[in-house]
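Participant: One structure, pasted below without further comment.
In my numbering, the protein residues as written are 5 to 198.
The following block contains the structure:
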């Protein structure tokens, strides 16, 4: 970065750090102790919709990579599109297999990045639920390398529990790099599996 960049306020883009995903299992222990949320075994990687032979090849590579793990029910990842036009590669594990789910999310992100689809990657999330059935996702922003909680309210309307999100964000600051800019805590409405 040169003097001109400093004077014009330009900064270097943040290099994505996918290894931060591996902090989720320890953060899950804090989340359970602080708020009573436990893993659901569901998670997904979101990206701008991509079409063509190169993406189909990448999807097959991801499937083959994750097929090696036989400790799951159903396909390793399922490709879904939400109502907003975003694509999701959804992984399902048993609730006690959060480390394996994190490995799945890391593998999907890494494979897409290696095959040139890094610019299309948006976020990943892992799901949690409390005894009352409230849902929560810990969302990892690919380009920023930070996390934030997303807590949709039940009932089908696109409303979220902002107080719960802030409480969870505060509780996890020692465990995860929580996104400081609340404006980036975007809702992931329509996220398959959430």
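Yeah, the Cβ is synthetic: ideal placement off N, Cα and C, and Gly gets one too. Note that this is a predicted model, so its numbers are computed, not measured.
1. Go to residue 46, then tell me how far its beta strand (DSSP E) extends in each direction, as first and last residue.
2. Going by beta carbon distance, what residues of the same chain come within less than 6 Å of residue 92, once the five residues before and after it are set aside?
3. Would you identify the three-state DSSP class for residue 66, choosing helix, strand or coil?
4. Do residue 131 and residue 139 have their C-beta atoms within less than 8 Å of each other?
5. Could you tell me which whole beta strand (DSSP E) segments of length 3 or greater appear in the region 85 to 167?
6. Should residue 45 and residue 101 be called a contact, given that it needs their Cβ atoms to be closer than 8 Å?
7. For residue 67, collect the residues of the same chain with a Cβ closer than 8 Å to its Cβ; drop the 5 residues on either side in sequence, then sort them by chain order.
8. Where residue 99 and residue 193 are concerned, what is the direct C-alpha to C-alpha distance, given to the nearest angstrom?
Facilitator: In brief:
1. Start at 1 with the first residue of the chain shown, and residue 46 comes out as number 42. Element bounds for residue 46: 42 to 52.
2. As a working note, residue 92 is residue 88 in the chain shown. Contacts found: 48, 50, 84 and 196.
3. For the purposes of this step, residue 66 is identified with residue 62 of the chain shown, where counting begins at 1. Helix at residue 66.
4. Taking the chain shown and counting its residues from 1, one reaches residue 131 at position 127. Taking the chain shown and counting its residues from 1, one reaches residue 139 at position 135. Contact flag set, yes.
5. 90 to 96, 125 to 133, 139 to 145 and 150 to 154
6. Along the chain shown, one-based indexing puts residue 45 at 41. Along the chain shown, one-based indexing puts residue 101 at 97. For residue 45 and residue 101, yes; Cβs fall inside 8 Å.
7. As a working note, residue 67 is residue 63 in the chain shown. Annotation for residue 67: 79, 80 and 81 place their beta carbon closer than 8 Å to its own, counting only its chain and skipping 5 residues before and after.
8. Numbered from its first residue, the chain shown carries residue 99 at position 95. Numbered from its first residue, the chain shown carries residue 193 at position 189. For residue 99 and residue 193, the distance between alpha carbons rounds to 22 Å.
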